[in-house]
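Below is one structure; the comments refer to it alone.
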Amino acid sequence: MTFPEYFYPFTSNESHITANIVPGITVVSFPAAMLAAVVIGFVNAVVQPILTLLTLPLSILSLGLFLFVVNAISLSLASWLAGVFSIGFAVNGFWPALFGSIVLSFVSGLIGRFVNPDRSLDL
1 MTFPEYFYPF TSNESHITAN IVPGITVVSF PAAMLAAVVI GFVNAVVQPI LTLLTLPLSI
61 LSLGLFLFVV NAISLSLASW LAGVFSIGFA VNGFWPALFG SIVLSFVSGL IGRFVNPDRS
121 LDL
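Taking my numbering, I'd label the letters of the sequence shown as residues 1 to 123.
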């Protein structure tokens with residue numbers, strides 16, 4: 001399977017799973033989760049690389065731990081954009097965004113591993 005074949009259903013499931021695990025993250029319905037996945041994907045593709053580049057010195061000093069904060073900022077921005085467009089996805093505060101970004105990354109990697117087991121883990 002290639003990425004476009006499974007992007008929408010599994011990323012919306014990731015949003016739902018994260019909302020069920022982390023208190024403070026709300027997804028109203030399955031269609032809202034699908035739209036939230038699109039917004040999160042947009043923020044991760046456009047804004048997150050810029051934030052990562054701008055905060056590179058802090059990331060180096062913290063041995064990469066500051067990237068969790070960058071992920072939380074990206075998730076909060078996606079929540080704000082979802083609120084602007086009335087999508088039904090909300091993150092209530094910094095700590096839910098931080099824990100949500102960690103859970104979302106873990107669930108995404110786990111689902112991606114099951115969907116595409118032939119993917120190599122070699123760097």
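All C-beta atoms, glycine included, are put in the ideal place defined by N, C-alpha and C.
Here valine 43 has Ser74, Leu77, Ala78 as same chain residues with Cβ atoms under 6 angstroms from its own Cβ, once five neighbours each way along the sequence are excluded. When DSSP states are grouped into helix, strand and coil, valine 27 belongs to the strand group. Taking C-beta separations shorter than 6 angstroms and ignoring five residues to either side along the sequence, the partners of alanine 97 in its chain run Ala72, Leu75, Ser76, Val91, following chain order. Nearest to leucine 51 by C-alpha distance, out of Ser86, Leu81, Val70, Ile111, is Val70. Cβ neighbours of serine 29 within its own chain (closer than 7 angstroms, five residues either side excluded): Gly88.
Phenylalanine 68: not part of any beta strand (DSSP E); member of the alpha helix (DSSP H) spanning 66-84, first to last residue.
Residues of the same chain with a CB within less than 6 angstroms of the CB of leucine 58, apart from the 5 flanking positions on each side, are Phe66 in chain order. Straight through space, the alpha carbons of leucine 56 and glycine 100 are spaced by roughly 22 angstroms. Between glutamate 14 and leucine 81, the beta carbon gap of about 17 angstroms keeps them out of contact (Cβ cut-off 8 angstroms).
When the beta-carbon positions are compared, valine 107 and isoleucine 40 stay at least 8 angstroms from each other. Contact check for alanine 19 against threonine 26 passes: the beta carbons are separated by less than 8 angstroms. The secondary-structure analysis by DSSP pairs valine 91 across a beta bridge with Ile25.
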